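Protein sequences appear in the order of chains U and B.
Residue numbers in the first sequence follow this note's numbering, run continuously in steps of one, and reach 90 at the last position.
Residue numbers in the second sequence follow this note's numbering, run continuously in steps of one, and reach 240 at the last position.
Using N, Cα and C, we set each Cβ at its ideal position, and we do this for glycine too.
Every value quoted in this text rests on a predicted model; they were computed, and no experiment measured them.
Everything on this sheet refers to the single structure shown next.
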Amino acid sequence: MYAENTFLIQNKLGLHARAATVLAQLALQFDAKIMLYQDDKEAEGDSVLALMLLESSQGKEVRVVCEGPDATAALNAIGELIAQRFHEQE
Amino acid sequence: MKLSSLTSQDCSKAAVLFNSKKRILEFISELAHEQLPHLSQQDILNALLNREKLGSTGIGRGIAIPHGRMSGADKPHAFIIVSESPINFDAIDNRPVDIFVALIVPDGDCQLHLKTLSTIADRLKDKEFCKQLRSAKTDQELFQVIASEA
């Protein structure tokens, strides 16, 4: 299974430590290899350190690529988390 | 941005001995207050504790990045503490933590904060760097490891 989509980072703080941790925890729940791409950078979805290296700020577009049995479910869940601004107020 | 520009030898502590999350955060707040005396130790501790309440800053592989956003901080300051024995920190991978890269950062500048986080992530992703941090026996040795970047 393969699924990919591009999502807009909407929360004010971007992919800061807490948001990166929530994303990595979510990624760990799925049987899928999850990669994020932004500009010329890439990160494994289950690595907080790698996600922080993306420096994704509000307004950036991030491409998420999932491969494996849970690819579609993982992509949907990650897309929803980003759309919900990582459960942050703004 | 370089990690060494965010810290100093006075802010690098090797082989400390603590056995709880609360105690290491207290130690960080004392260290930060010594360097930033205009910020009260209690305010720094509260900022760190409040951040941990939102979710542990234990990001895996024995590393934690406790941090506080404080309006009185002029720029990002990093404090690097290596514990003699790992401490339970409710980390993402449940592994106890022995490398603490604590940050006191200005409130409000989102881009600067993301840059600061990527600066420390860039060094910490290097397993050899982490190994050297863990091997440092004195504060001076620890800071030499931090300062030795291309």
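DSSP places E55 of chain U in no alpha helix (DSSP H); its state is neither H nor E. Here DSSP, grouped into helix, strand and coil, assigns D199 of chain B to coil. For F169 of chain B, the enclosing beta strand (DSSP E) begins and ends at H167 to I177.
In the three-state scheme derived from DSSP, where H, G and I count as helix and E and B as strand, N76 of chain U is classed as helix. Our two residues, S161 of chain B and H123 of chain B, have alpha carbons roughly 14 Å apart in a direct line. Between I182 of chain B and chain U, the shortest Cβ-Cβ separation is below 9 Å. By a beta-carbon distance limit of 8 Å, R224 of chain B contacts V172 of chain B. Their separation comes to about 6 Å.
For the segment 203 to 236 of chain B, the beta-carbon criterion of a distance under 7 Å to any beta-carbon of chain U is satisfied by H203, L204, K205, L207, S208, A211, D212, L214 and K215. With three or more CB-CB distances shorter than 8 Å, the segment 26 to 39 of chain U counts as touching the segment 61 to 77 of chain U. In the structure shown, the three-state DSSP call for D164 of chain B is coil. Around the beta carbon of E55 of chain U, 16 or more other beta carbons lie within 10 angstroms, which makes this residue buried. The alpha-carbon separation between L204 of chain B and G68 of chain U amounts to approximately 30 Å.
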